Each structure stands twice: as C-alpha cells, then as structure tokens.
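Right, one structure below, let's go through it.
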Amino acid sequence: MTNSYSNNPYISTHHESGNYETIDAIISPMGPLNILSKIEVSKLLDASQSGLYNLFRSCSLAVLNCGNYLDDGKELLERYSDFSISIIQEERGIKLDVRGAPASAFVDGKMIKGISEHLFTVLRDVIYASDELRGNAKFNLSTSEGITDAVFHMLRNASLLQPGRDPNLVVCWGGHSISRGEYDYTKEVGYALGLRGMDICTGCGPGAMKGPMKGATIGHAKQRISGGRYVGITEPGIIAAEAPNPIVNQLTIMPDIEKRLEAFVRTGHGIVIFPGGAGTAEEILYILGILLHPDNRDIPFPLIFTGPASAADYFDHIHQFIGDTIGADAQNRYKIIINDPEAVARDMLKGIKTVREFRKQTDDAYYFNWQLKISPDFQQPFAPTHTNMRNLELHKNQESHLLAANLRRAFSGIVAGNVKDEGIRAIEEHGHFELHGDISIMQPVDALLTSFAEQSRMKLPGRNYKPCYRIVK
C-alpha cells in the first residue's frame, strides 16, 4: 500500500481470505458525504469507533458482497472474518479504508460505482439513525406519531421523498429463494409496470426483489424514461441475506424491520406480492393487518398477489391461510392474478390513479401516506427471543388486525432464526423457537410453513433448510 491516499480514491491490493479473493482499498465518498463540517466528521469518527462499529462493519460487508448471494448473516461474517472498515479524516472530509473486502465488488482494482454509493449509504444511515433518532428528544419513539415522524425523517434524509411527482411507486414484495420461472415472471411484471411509467421499490435483494427492477429498466428504456427510480429499503439484521442488488439507485437502511415495513407502506402507492417464504408471509400479514384497522377501511391501497401458472397452488395456500386465521374481510383486501403481467400492470395503474384522486381530495402528500393509521402493535420493534416467541398471543379472541400483528411477529422471528446472525446464534445456543396458540391458528401456521419448506422457499436453492421453530399445539 502507498501513503498517497488523497491522490487516488481507488488504491487497492489483492489478498486471499481462505478460498475467497479479497481487496484492500481507499474509497472516496459520493453525494452528500462529499461535503462535511469538522464537527460532522468528528461525530462519524466517534460513532464508527463505538458500539456501532460491528453494525457498520456487518452492513458494509453485506453491500460489498453484492452478487454473491448468501442467506446466512453468520456465514458471511465468518467467511470474511478479516474484513475491516474505518474512516480516514482529511481536511476536505473523509474517505473509507476498506480491508479484506470481497474482490467481486471491484473491476480492475476499482470499486463498482453502484456498490460504492451503497457503501456510503451504510455510513449515512447507520450513523444518522444512531445520532439523530436514538436519544433525541425531538423523536418520541414510544409513541405512534413519534415513530412515523422518525421514519419520515430517515426517508427525507435519504432523499427518497420527492414532492412534485405524481404517484407511481409500486412496492414489490416476494422471496429471495424462488424458482427460475418465478424470477422470469417478476421481470415480466416489472417490464409491464415500467412501460406504463411506474417506478419500483423492493427490499433490494435478489429473487423477487431484483426481477421487477430488471424488467422495469427495459420498460423505462423503451419509453425513453430517464431518471427511473429503483428504490431499495432494507434494515441491518436482514441485509446480509438480502444484500442490495446493483440495479438499486436509491437505497436506505432503516433501523429495524418495523420501520422498514412502515417505510414501504408510507412511500409506496400500491403493492404487488410475488411468491416467497416466511418473510413474504410477514409482509402480507403486515399490510393486511394495517388495512384491517377500522380507521383505514376507506383509504384506497391497491394490493395484488401474482405469480406464474406454477405458483397457483402457492397462492391457494396463502389465501386459505388468511381465511383460516384473520378472516374473509382480509381476503377481500387483495386481488389474485395468475400468469398475466399485463393485467397486473393495468390493475395497478388503475389503483394508483384512485390513490392520486383520494390524496388530492384529502390534501394528503403524494410522496408520504400520512393518513394511513399504523397502530403501535405494528411499530414497536419485536425482539425475537425464545421467551418473546413463546409468549405471542396466537388466538382468535382479539380483533383481526391485532391477530395479524402477532402472527407477523411469529413469522418475523422465524426469518431471524433462518437468516439473521443474532437469530441463528440464538437457535444454536438455546434450540428451536416454540410457538404456542389455539389449534385453529397453529394448524394453518404449521401447514403454511411446511408447504414453504417443501417448495424450497425457506433457503436459497441448493442450501439445506433446518427449521428454527417448533409448533406446540
């Protein structure tokens, strides 16, 4: 390595880490982090060297591992155990000193531009969440209004809120572990949406999160639409399993899964759901639980479940599960369209026009859905410990939207046990999560999770799935 860091933002050297090639490099910032005051730089240095370092490091490594998809945060950290990242302070601002980074993030010794942008997004969002949200009297994170305000400020800080644009942002949810046929179908839907001028927002990872963006890029190109938005919203615990795909051109890392989910429904104007596993079931329960709240019954929100012909049985299982648990009212809040990308795009465009008229009549912002009521049950972070999982209220003696909230927590815990570093370690130390509840709830939960496992939806193809939970009926 040379000492002339300031003269070359991409100085790099190659190494080997086990069987994996790695690179050391000095990276210059892009965007807002180009211009920082000395006080701001000092805050970044303090935060990055404090208890936030491990979070900063793990998120950065996940971004740098783009394209080499794993769905095991613990394995990624162990594979690149020598990886480190630190901030270099200079008179003009900062640079990042990256050591032991996956070589796939570089071309001819230079970091891929999109990955570099994502890397500085990690720095921006991890530090902002800590410095601005936690312990700041301006944000009361114990109240529903305070949490929504924090979500708004995180999104505004990431430049995701763009006034003056007509509603056109379609959130696409679905699994990272899907078949080739299902992946190709997500691209076809994305293409049909892109041809109609709609932008795409996903969880930013592979599979059903990448396909719609890939299709939309072609649709936008054919319509000569420049500045198409491919928004990725993630959170630290899941980023290793769903590292941002390279198409994402607007990325934000929310502090936890609950704020991530709220960011989706506040910024999106409609949702398309493709086949997936436990994480997709969590997302379905989240949006249905919100739409079932009495205060939201008259708020238009287009919601479409779709997949190729081969996914018809999958959606039959989902539809049955919803009916058996949270009821027929929930089933009426979505439309299922099988093997027809054009119909999906036309229905979504029609639904978003209704959203636009409603927001116009009620003076609500196009870029942030302030009117949607999200109860604290969907906002307060859920820690998937063995005790918390065991004590979930999984019974029908409660309002349907509250049951949806508790079922959402159950599936969130299963996602943590499957792919998140801390969740995997908890399972290794204490054994399976135990889920208790009414037989009328637990049988459908068991049947749905079993079908996911049989269809290889719980892990990436070729990787063995070991259940992290046990149903106690």
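To convert, note that position 289 of the sequence shown is 288 in numbering that gives the first Met the number 0; the numbers rise steadily by one, no gaps. Note that beta-carbon positions come from the ideal geometry of N, C-alpha and C, so glycine has one too. Since we're looking at a predicted model, the values are computed, not measured.
Asked: Residues sharing a beta bridge with residue 171, DSSP; Found: 201, 271
Asked: Where residue 61 falls: helix, strand or coil (DSSP); Found: helix
Asked: Where residue 1 sits in the DSSP three-state scheme; Found: Caution applies to residue 1, whose pLDDT of 31 falls short of 50 and renders its modelled position unreliable; the model cannot decide the point.
Asked: Contact under 7 Å by Cβ, residue 355 with residue 166; Found: yes
Asked: Test item: CB-CB of residue 377 and residue 404 under 7 Å; Found: yes
Asked: Reference residue 329, options 234, 286, 109, 113, closest by Cα; Found: 286
Asked: Residue from 292, 225, 253 whose Cα sits closest to the Cα of residue 237; Found: 253
Asked: Residue 189 - DSSP class collapsed to helix/strand/coil; Found: helix
Asked: Cβ-Cβ distance between residue 245 and residue 412 below 7 Å; Found: no
Asked: Residue of 190, 364, 398 minimising C-alpha distance to residue 291; Found: 398
Asked: Same chain only: Cβ atoms within 7 Å of residue 311, ignoring 5 sequence neighbours per side; Found: 337
Asked: Residue span of the alpha helix (DSSP H) that contains residue 247, given as start and end; Found: No alpha helix (DSSP H) contains residue 247, which DSSP labels as neither H nor E.
Asked: Run of the alpha helix (DSSP H) containing residue 142, from where it starts to where it stops; Found: That residue, residue 142, is in no alpha helix (DSSP H); it is neither H nor E in DSSP.
Asked: Contiguous beta strand (DSSP E) assignments of at least 3 residues, all confined to the segment 266-322; Found: 269-272, 302-306
Asked: Where residue 106 falls, given that 16 or more other Cβ within 10 Å makes a residue buried; Found: exposed
Asked: Counterpart residues of residue 433 in DSSP-defined beta bridges; Found: 469
Asked: Distance CB(residue 229)-CB(residue 212) smaller than 7 Å; Found: yes
Asked: Buried versus exposed, by CB contacts within 10 Å (16 or more), residue 0; Found: For residue 0, the pLDDT reaches just 31, beneath the cut-off of 50, and the residue's location in the model is therefore unreliable, leaving the point undetermined.
Asked: Residue 229 - DSSP class collapsed to helix/strand/coil; Found: strand
Asked: CA-to-CA distance, residue 225 to residue 383, given in whole angstroms; Found: 42 Å
Asked: Inter-residue CB distance, residue 270 and residue 302 (contact presumed, cutoff 8 Å); Found: 5 Å
Asked: CA-to-CA distance, residue 163 to residue 53, given in whole angstroms; Found: 39 Å
Asked: Test item: CB-CB of residue 559 and residue 431 under 7 Å; Found: Since the displayed the chain opens at 0 and closes at 472, residue 559 lies outside it and no answer follows.
Asked: Residue 418 versus 75, 408, 342, residue with shortest Cα-Cα distance; Found: 75
Asked: Rounded separation between residue 258 and residue 146 - CA only; Found: 8 Å
Asked: CA-to-CA distance, residue 89 to residue 281, given in whole angstroms; Found: 44 Å
Asked: Residue 22 and residue 100 closer than 7 Å at C-beta; Found: yes
Asked: Residue of 83, 183, 110, 273 minimising C-alpha distance to residue 97; Found: 83
Asked: Closest Cα partner of residue 439 within the set 425, 402, 433; Found: 402
Asked: Sheet register partners of residue 147 (DSSP bridge); Found: For residue 147, which the question treats as bridged, DSSP gives no partner whatsoever.
Asked: Outcome for residue 172 when other beta-carbon atoms lying within 10 angstroms are tallied against a minimum of 16; Found: buried
Asked: Same chain only: Cβ atoms within 7 Å of residue 182, ignoring 5 sequence neighbours per side; Found: 206, 210
Asked: Residue 194 versus residue 347 - alpha carbon distance; Found: 13 Å
Asked: Proximity to residue 149 [Cα-Cα], best of 159, 454, 158, 138; Found: 138
Asked: Beta bridge counterpart(s) of residue 177 as assigned by DSSP; Found: DSSP output for residue 177 lists no bridge partner at all.
Asked: Residue 373 and residue 289 closer than 7 Å at C-beta; Found: yes
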